[in-house]
Amino acid sequence: SLTDGSFVVYAGSASSLELTGLQHSSDHHFALFSYNDDYFYQTEALRAVFATTRVYHPFKVMVSSEGQPLEGATVMLNESIITSDQSGIAEFSVAHDTIFNAVSVSANNYEWQWFRFKPDSEQLIEVELEAPTLAAPRNISFSKNNKDVALSWDAVINETFDAYQPFALSMPGWSMIDNDGEVTYAISDLYFPNENYRGAFIVIDPWYEGLLQADFDFSPRRGRQLLAAFAASSGSNDDWLITPAITISDGDYFNIVARSLSDTYGLEKIRVLLADQSASTIEYELLSDGDLEVPIEWNLYSYDLSQWAGKRVKLALQYVSEQSFALLIDYISVGAKTLDFPTLAPLKSAAFKSPGLKRSSEIKGYAAKVAAPSSLVRSGDIVSGGRIGYSVWLNGAEAAYLEGFDKTTANVTVSECLNNEVQIQTVDILSGSASELSEVLLFDACNRLSFVVRDLRSDLAIEGVLVSLNGAGLLTDAKGELSFRGVEQGIIADYEISAHGYIPRRGSVIVDDDILLEIELEAVDDFATSVKDKDISTSPVPVGDELTVSGIYGKIDLAIFDISGRLQKTLKIEAYNSFTLPLGDLQSGFYIIRFKVGGKTFARKILRT
């Protein structure tokens, strides 16, 4: 071998040459010099490049779900895309190579899977796809302005870190706090955007070319991307990843899947914490038993949150390693302990103690930047707010669609004031799958006109008061309260309030918001009345079997006379503000009706037909 790594393969005077034993699928570079004895007279060699025969290997991917072949899955190798057949097989012919190739496997309503391989032999790879299990949104509430309704709900925390911008130093909805403020270690001999970053956490795309050819496996347990925290190049780490505030339900767990990148410099350390947002002083308390050492195999950490059921909390992961290397996080969720956690897959490579995996404190001089998507990222694979979205259903129709797990508000307009129904689904934007619909939120839009009725003298609530509003009537409850729901904005509401033994009240109000009217009724004095003759009316004219009398109230002595003055019948009535008088037993003709109430006497003439 010469000093530049080339070899002398022939020296002599022949006119032709045959070489054997060359590596297939390779380019070989030749240089030819003429010489005489021990001297070279040719300063520039004749050069040529010859390629040996290209060898192709069969490469098969067998896709299944729940142990059964999955037809129609999309398998992408470099720029080639093949759909799995009835046997779940996608077959490629791959040129021999000694570098890693990335493969993705996806199907509608399934989580995608990624892996890498070297096409140096015939291979069959088995891939099991799983449907994501998504929880429906909870804690749905609303506010309204007439028929414009603002909805809100808690974020669904089911995070695989897919779809975020690769190598981003922040993620919408998550709080990241870098308390140590130090520049972080990089990986020796590997390059990726934002390495040596100053910050808390970084989104890692293992299929970026600068990482794909690493001699160790950076693969997530599921999906494409993961979240990492690299050790501070000086001192200890104090980096926080904090969820948005959510309301805990009974049976909820805080679930984290994580591992150490390497144990060469010691295992990574984390703490898991919670802060009760309803406490007078908001402080984080430990869920974990102090500092946890994270193994180099994927490990599941689950914490029962039942004691905080009904409370609003934030959950946090704190990275507290000292001069180690890097923490990898594959998955974070809040929900059932078993939610979306299939059996943990083993690591695809055990090369974590490889001497090639070394940290580097050299600051490589890259400005903070965002990686351009690699050729393996197709349009639509990057969503600014991550893979989780929401579909809002109003009265059976989709009314809004939002992308991003932190997009937890929506404005809708209803056509009806009463009995509107809202349900919300969690959507996996990448796979197209969705959760079940949430529990129904039943709400009224427009405005609410409420009444509280009390006795003027005693200030006690009056039960059974009839309140009539534009033709509709309701009775007060034991607290003297009632409400008319769904009152249109801007109408003039005419109301009438009456009860046995009380002087009726009438009024009107312009409804421009939710309104509460407090009404005091004055009890009727049996020996005096404020009834006025001009207020009393009878209908219809002429009358049939029933006569409606309005404008009179209290305990009434009623007598009916025929036109000659003979008494036909007497009645005692206690009226609100009107009552119905049966006349079916009277013959046709004219009659005089006399009313005595509160020391006053009134009379009306009617025609019975």
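Those letters in the sequence shown? Residues 1262 to 1870, per our numbering, in order. All C-beta atoms, glycine included, are put in the ideal place defined by N, C-alpha and C. Computed from a predicted structure; not experimentally measured.
Q: Could you name the residues of the same chain whose beta carbon sits closer than 7 Å to that of residue 1775, not counting the 5 residues immediately before and after it, in chain order?
A: Within the same chain, residue 1775 has close Cβ partners 1708, 1709.
Q | Rounded straight-line distance, which links the Cα of residue 1817 to that of residue 1719 | A | Straight-line Cα distance between these residues: approximately 25 Å.
**Q.** Three or more C-beta pairs below 8 Å linking the region 1380 to 1389 and the region 1537 to 1550
**A.** In short, these stretches do not touch, since the Cβ pair count stays below three.
Q) Nearest to residue 1356 by CA position, among 1324, 1326, 1319, 1364, is which residue? A) The candidate whose alpha carbon is nearest that of residue 1356 is 1319.
(Q) Report the start-end ranges of each beta strand (DSSP E) in the region 1455 to 1487 that is 3 residues or longer and not cut off at the edges. (A) Under the rule that a run must span 3 or more residues, the beta strand (DSSP E) segments found entirely inside the region 1455 to 1487 read 1463 to 1465.
Q. Leaving out the 5 sequence neighbours to the left and right, which residues in its chain are closer than 7 Å to residue 1656 when beta-carbon positions are compared?
A. Closer than 7 Å at Cβ, skipping near neighbours: 1681, 1682.
Q) What separation, rounded to the nearest whole angstrom, lies between the Cα atoms of residue 1679 and residue 1332? A) About 47 Å.
Q: Measure the CB-CB distance between residue 1463 and residue 1430 and report whether it falls below 8 Å.
A: The Cβ atoms of residue 1463 and residue 1430 sit closer than 8 Å to each other.
Q. With 16 as the cutoff for other CB atoms within 10 Å, does residue 1415 come out buried or exposed?
A. With 16 or more other Cβ atoms inside 10 Å of its own Cβ, residue 1415 counts as buried.
Q: Consult DSSP for residue 1567 and reduce its assignment to one of helix, strand or coil.
A: Of the three classes helix, strand and coil, the one that applies to residue 1567 here is helix, per DSSP.
Q.
Spatial neighbours of residue 1584 within its chain, please: C-beta separation below 7 Å, excluding the five flanking residues on both sides.
A. Excluding sequence positions up to five before and after residue 1584, its CB lies within less than 7 Å of the CB of 1492, 1526, all in the same chain and listed in chain order.
Q: Ignore the nearest five residues each way along the sequence and tell me which others in residue 1687's own chain have a CB closer than 7 Å to its CB.
A: Result list for residue 1687: 1395, 1396, 1397, 1398, 1417, 1649, 1651, 1695, 1696, in chain order.
Q: Give the single residue among 1594, 1843, 1654 whose Cα lies nearest to the Cα of residue 1701.
A: Checked all of 1594, 1843, 1654; the closest Cα to residue 1701 is 1654.
Q.
Looking only at its chain, what residues have a beta carbon closer than 7 Å to the beta carbon of residue 1370, apart from the 5 residues adjacent to it on each side?
A. 1392, 1692, 1693, 1694, listed in sequence order.
Q.
Considering just the uninterrupted stretch of the beta strand (DSSP E) at residue 1432, what are its terminal residues?
A. Where residue 1432 is concerned, there is no enclosing beta strand (DSSP E), because DSSP gives it neither an H nor an E.
Q: Could you name the residues of the same chain whose beta carbon sits closer than 6 Å to that of residue 1290, not counting the 5 residues immediately before and after it, in chain order?
A: Cβ within range, chain order: 1310.
Q. Helix, strand or coil: how does DSSP classify residue 1321 here?
A. Residue 1321 falls in the strand class under three-state DSSP.
Q: Pick helix, strand or coil for residue 1288, following the three-state DSSP scheme.
A: DSSP, read as helix, strand or coil, puts residue 1288 in strand.
Q: Report the residue ranges of all alpha helix (DSSP H) runs contained in full by the region 1500 to 1571; include only those spanning at least 4 residues, in chain order.
A: Counting only runs that start and end inside the region 1500 to 1571, there is no alpha helix (DSSP H) element of at least 4 residues.
(Q) In the DSSP output, which residue or residues are listed as bridge partners for residue 1852? (A) Looking at the DSSP assignment, residue 1852 forms a beta bridge with 1823, 1867.
(Q) Going by DSSP, what residue range makes up the beta strand (DSSP E) through residue 1716? (A) Counting along the chain, the unbroken beta strand (DSSP E) around residue 1716 starts and ends at 1708 to 1716.
Q: Under 8 Å by Cβ, that's how I've got residue 1482 and residue 1559 pegged, so tell me the actual separation to the nearest angstrom.
A: Sure, about 5 Å apart at Cβ, within 8 Å.
(Q) Using CA atoms only, rank isn't needed, just tell me which of 1673, 1760, 1443, 1745 is closest to residue 1888. (A) Any question about residue 1888 goes unanswered here, given that the chain covers just 1262 to 1870.
**Q.** Rounded straight-line distance, which links the Cα of residue 1822 to that of residue 1840
**A.** Going from the Cα of residue 1840 to the Cα of residue 1822 covers about 19 Å.
Q. At which residues does the beta strand (DSSP E) containing residue 1779 begin and terminate?
A. If you look at residue 1779, you'll find it in the beta strand (DSSP E) that goes 1776 to 1782.
Q. Do the region 1501 to 1515 and the region 1433 to 1440 make contact, defined as three or more Cβ pairs closer than 8 Å?
A. Result yes; three or more Cβ-Cβ pairs closer than 8 Å.
Q | Where residue 1773 falls: helix, strand or coil (DSSP) | A | Assigned with DSSP and collapsed to three states, residue 1773 falls in coil, not helix or strand.
Q.
On the CB-based measure, 16 or more other CB atoms within 10 Å of its CB, does residue 1329 come out buried or exposed?
A. Residue 1329 counts as exposed, since fewer than 16 other C-beta atoms from the protein chains shown sit within 10 angstroms of its C-beta.
Q) Quick one: Cα of residue 1306 to Cα of residue 1269, how far? A) Here the C-alpha atom of residue 1306 lies approximately 13 Å from the C-alpha atom of residue 1269.
**Q.** Simplified DSSP assignment, three categories, for residue 1695
**A.** In the structure shown, residue 1695 adopts extended strand secondary structure according to DSSP, grouped into three states.
**Q.** residue 1830 (DSSP reduced to helix, strand or coil)
**A.** Correct three-state label for residue 1830: strand.
Q) When the distance is taken between beta carbons, is residue 1508 closer than 8 Å to residue 1571? A) Yes, they are a contact pair.
Q) Exposed or buried, what is residue 1440 when buried is set at 16 or more other beta-carbons lying within 10 Å of its beta-carbon? A) Counting of Cβ neighbours within 10 angstroms places residue 1440 among the exposed residues, the total staying below 16.
Q | Three-state secondary structure assigned by DSSP to residue 1408 | A | Look at residue 1408 here: in three-state DSSP terms it is coil, with no helix or strand label.
Q: In the DSSP assignment, find the beta strand (DSSP E) that holds residue 1758 and state where it starts and stops.
A: That run of the beta strand (DSSP E) goes 1753 to 1759.
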